[in-house]
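For the sequence shown, the tail end lands on 480 under this note's numbering, and the numbers increase by one without skipping.
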Amino acid sequence: MDGRGPSVPNYCFMKYDLIVVGGGPAGYVGAIRAAQLGKKVACVEKERAGGTCLNWGCIPTKSLLRNAELFQLMQKRSADFGFRFDKLTYDWPKIISRSRSVADKLAGGVEFLFKKNKIDYLRGEAAIPTAGKVTYKDRNGKEETVEGDHILIATGAVAREMPGLPVNGKTVVNSHDAMIIDPQPKKLIVIGAGAIGVEFAYFFNAFGTEVTLVEMLPNVLPVEDTEISVALEKSLSKQGIKIFTNTTVASAKAEKGQVRVNLEGKQAQELQADCALIAIGVSPIVPTGVSITLDKKGFISVDDRYQTNVPGIFAAGDVIGPPWLAHVASWEAIQTVEGIFTKGFRPQRVKEFPGCTYCQPQVASIGLTERAAKEQGLKFKVGKFPFAANGKALAAGEPEGFIKILIAEPHGEVLGAHIVGPEATELIAELGLAMKLEATYEEIEATIHAHPTLSETVHEAVGAAFGEAIHI
């Protein structure tokens with residue numbers, strides 16, 4: 009690609025139905041949906057189609073985590089499966105390069121989809137001087153202007169920096185840097201135990217890095233159900249990760265090729281490592297130009313149709329605030345575009361959505377946690393089922409963890425579902441569909457689940473809420 013669209017010789021004279029600023033999960037999905045609706049669309053992206061998720065987030069990290077899972081399995085549990093490895097080793101640069109090749113392949117796939125859907129793909133950093141206009145500088149520094157009836161801002165967010173400990177790409181890194189760090193750090197401090205922090209802690213620990221995980225809240229993965237967080241914390245600790253919860257960073261300093269971090273918690277403690285990974289959240293990327301109303305944290309404020317305070321300018325995805333999830337961003341973009349172009353369509357704001365963490369054991373959830381349900385004064389029953397009692401989990405050698413489902417009373421609908429264990433991130437989809445369709449526990453229990461499968465744990469858990477589980 010040369011930075012210009014495939015079919016338009018002069019963008020100054022092109023008028024679009026929709027200009028999308030940002031090519032990530034919100035941007036490229038919104039652009040494609042608009043094109044499917046027969047609209048003329050341009051997408052302006054300063055780096056590469058796919059955004060952070062595809063290029064530097066969701067996809068390449070899952071490649072790294074797959075490597076970690078396989079190495080950990082072969083190194084620590086091969087004898088359980090009848091295998092023996094003498095002097096098992098790994099190639100760190102190859103691990104990193106495989107991750108990058110996966111991302112490159114998928115980014116190329118998005119670019120192909122742009123061509124297929126006749127979307128003009130414009131490379132450059134965009135600004136929005138006024139409603140209906142987007143300017144961007146191409147690779148040669150030449151400024152171009154395009155005009156459109158509607159603009160969708162989908163510029164996403166970047167890793168938030170920690171005051172007093174700026175990222176330098178070597179001794180202090182963010183999630184972007186961590187994916188390509190070479191050589192592998194011997195000691196790593198991960199500050200922040202949300203999904204990103206936990207996943208990287210698991211990854212580096214699996215390959216022998218001495219990892220310390222620091223979280224200011226009471227549990228790792230603090231947004232998850234407390235029982236799930238506690239179970240994961242025990243598992244990660246057993247794997248060798250040192251975990252400090254209810255702990256804050258009092259001070260930190262990077263010097264002479266190392267990092268020193270002073271902690272305040274149950275007791276003061278100083279940590280030393282050759283690298284610190286900052287995983288404390290994200291900050292929005294807001295285009296310059298027209299004055300758009302922001303919330304207190306700097307994210308773009310939108311109304312029920314995802315429109316900003318400027319008529320004709322919309323926003324979706326991470327740039328409008330949490331949850332910062334690729335699948336939510338894509339969903340929001342489709343809601344936005346349908347609302348703009350489909351007569352009678354009423355966009356919705358996200359309510360229930362799955363959250364997934366891809367360490368081992370995996371964690372996935374949707375809906376209310378038990379503490380949230382109690383805070384709301386709801387009446388419900390809890391059904392739990394351990395993977396240790398599931399035939400497929402035992403056969404696969406993955407008996408760790410459990411599934412937990414909250415069933416509302418008196419009607420029996422699912423209020424929330426929480427899983428820690430094998431393939432949790434795949435199993436959660438059934439519970440999401442059940443919630444969307446307002447299926448009752450009787451309907452789930454009456455659905456035949458194939459045997460032997462991990463999905464049988466869903467069937468057993470809803471039964472367990474009413475004392476009807478068969479295998480416990």
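Glycine included, C-beta positions come from ideal geometry on N, C-alpha and C.
From a predicted model like this one, the values you see are computed outputs, not experimental measurements.
Using 7 Å as the threshold, is the C-beta distance between residue i and residue j below it?
{"i": "T256", "j": "E272", "result": "yes"}
{"i": "Y36", "j": "V118", "result": "yes"}
{"i": "P295", "j": "V29", "result": "yes"}
{"i": "I321", "j": "I159", "result": "yes"}
{"i": "A165", "j": "P292", "result": "yes"}
{"i": "L173", "j": "A201", "result": "no"}
{"i": "T138", "j": "E151", "result": "no"}
{"i": "L196", "j": "F215", "result": "no"}
{"i": "D25", "j": "K48", "result": "yes"}
{"i": "T455", "j": "E421", "result": "no"}
{"i": "Y98", "j": "F122", "result": "no"}
{"i": "V181", "j": "L73", "result": "no"}
{"i": "P362", "j": "I480", "result": "no"}
{"i": "E417", "j": "K387", "result": "yes"}
{"i": "D282", "j": "K351", "result": "no"}
{"i": "T163", "j": "V267", "result": "no"}
{"i": "A473", "j": "K389", "result": "yes"}
{"i": "S105", "j": "S71", "result": "no"}
{"i": "V219", "j": "I251", "result": "no"}
Taking C-alpha atoms, which residue in the options lies nearest to residue i?
{"i": "Q247", "options": "A380, Q368, N63", "result": "Q368"}
{"i": "V52", "options": "T153, D99, R85", "result": "T153"}
{"i": "Y366", "options": "V142, T69, A39", "result": "T69"}
{"i": "Y483", "options": "L244, S71, S86", "result": "Only positions 9 to 480 of the chain appear in the structure, and residue 483 is not among them; the question remains open."}
{"i": "T377", "options": "C364, A337, Q356, L423", "result": "L423"}
{"i": "A469", "options": "L445, L439, K444", "result": "L439"}
{"i": "G140", "options": "P319, G475, H467, S463", "result": "P319"}
{"i": "V345", "options": "A276, Y314, D282, K95", "result": "Y314"}
{"i": "E169", "options": "A260, H467, T163, S299", "result": "A260"}
{"i": "L81", "options": "G31, A404, H419, H467", "result": "A404"}
{"i": "F349", "options": "G38, L229, G31, R85", "result": "G38"}
{"i": "H335", "options": "S309, G347, C364", "result": "C364"}
{"i": "D190", "options": "W100, E451, V228", "result": "W100"}
{"i": "L462", "options": "L441, L402, A442", "result": "L402"}
{"i": "A167", "options": "D157, I161, I199, G156", "result": "I199"}
{"i": "L45", "options": "F120, A425, A442, G347", "result": "G347"}
Check the DSSP bridge columns for residue i and list the partner residues they point to.
{"i": "K250", "result": "T220"}
{"i": "L271", "result": "V257, Q277"}
{"i": "K195", "result": "E218"}
{"i": "L285", "result": "V181, V198"}
{"i": "R131", "result": "E53"}
{"i": "I424", "result": "According to the sequence provided, residue 424 is Gly. The question's Ile does not apply to it. DSSP output for G424 lists G375, L414 as bridge partner(s)."}
{"i": "F322", "result": "L160, Q315"}
{"i": "K389", "result": "I415"}
{"i": "K23", "result": "E155"}
{"i": "L173", "result": "M170"}
{"i": "Y144", "result": "A134, E152"}
{"i": "P33", "result": "In the DSSP output, where bridge partners are listed per residue, P33 has none listed."}
{"i": "A239", "result": "Answer is none; A239 lacks a bridge partner."}
{"i": "G58", "result": "DSSP output for G58 lists no bridge partner at all."}
{"i": "V290", "result": "A167"}
{"i": "Q266", "result": "E263"}
{"i": "L302", "result": "I308"}
{"i": "Q370", "result": "G429"}
{"i": "C66", "result": "For C66, which the question treats as bridged, DSSP gives no partner whatsoever."}
{"i": "T365", "result": "V371"}
{"i": "G28", "result": "The amino acid occupying residue 28 in the given sequence is Val; Gly does not appear at that position. Paired residues: C51, L160."}
{"i": "P460", "result": "Paired residues: none, contrary to the question."}
{"i": "P394", "result": "F410"}
Which whole-angstrom value is the C-beta distance of residue i and residue j, which I expect to be below 8 Å?
{"i": "D146", "j": "G132", "result": "5 Å"}
{"i": "I415", "j": "G391", "result": "6 Å"}
{"i": "W332", "j": "V290", "result": "6 Å"}
{"i": "G329", "j": "F353", "result": "Actually they are not in contact, since the Cβ atoms of G329 and F353 sit about 23 Å apart, beyond 8 Å."}
{"i": "A324", "j": "T316", "result": "That belief does not hold up - the Cβ atoms of A324 and T316 are roughly 11 Å apart, past 8 Å."}
{"i": "F63", "j": "A115", "result": "Here residue 63 is Asn; the residue named in the question, Phe, does not match the sequence. The pair is a contact, with the Cβ atoms about 6 Å apart (cut-off 8 Å)."}
{"i": "N125", "j": "A43", "result": "4 Å"}
{"i": "G471", "j": "E453", "result": "5 Å"}
{"i": "A50", "j": "S338", "result": "At roughly 19 Å, the Cβ-Cβ gap does not stay under 8 Å, so A50 and S338 are not in contact."}
{"i": "R41", "j": "I478", "result": "Contact flag wrong, Cβ pair sits at about 44 Å."}
{"i": "F208", "j": "A262", "result": "About 18 Å separates the two Cβ atoms, so there is no contact after all."}
{"i": "E446", "j": "H457", "result": "E446 to H457, Cβ: 20 Å. No contact."}
Can you confirm whether residue i, when its beta carbon is compared against all beta carbons of chain B, has any partner nearer than 7 Å?
{"i": "L73", "result": "The question asks about chain B, but that chain is absent: this structure has only one protein chain."}
Open item on the list: I'd like to know if the segment 53 to 62 and the segment 80 to 97 are in contact, where contact means that at least 3 CB-CB pairs between them fall below 8 Å.
Closed with: no
Open item on the list: For the structure I just gave you, are there three or more beta carbon pairs, one from the segment 235 to 243 and one from the segment 404 to 417, closer than 8 Å?
Closed with: yes
Task: Cβ contact check for the segment 417 to 434 and the segment 369 to 388: 3 or more pairs under 8 Å - done: yes
Open item on the list: Using 8 Å as the cut-off, can you tell me whether the segment 192 to 210 makes contact with the segment 395 to 408, which would need three or more C-beta pairs spanning the two stretches below that distance?
Closed with: no
Task: Segment contact flag, the segment 262 to 271 with the segment 183 to 193, C-beta cutoff 8 Å, min 3 pairs - done: no
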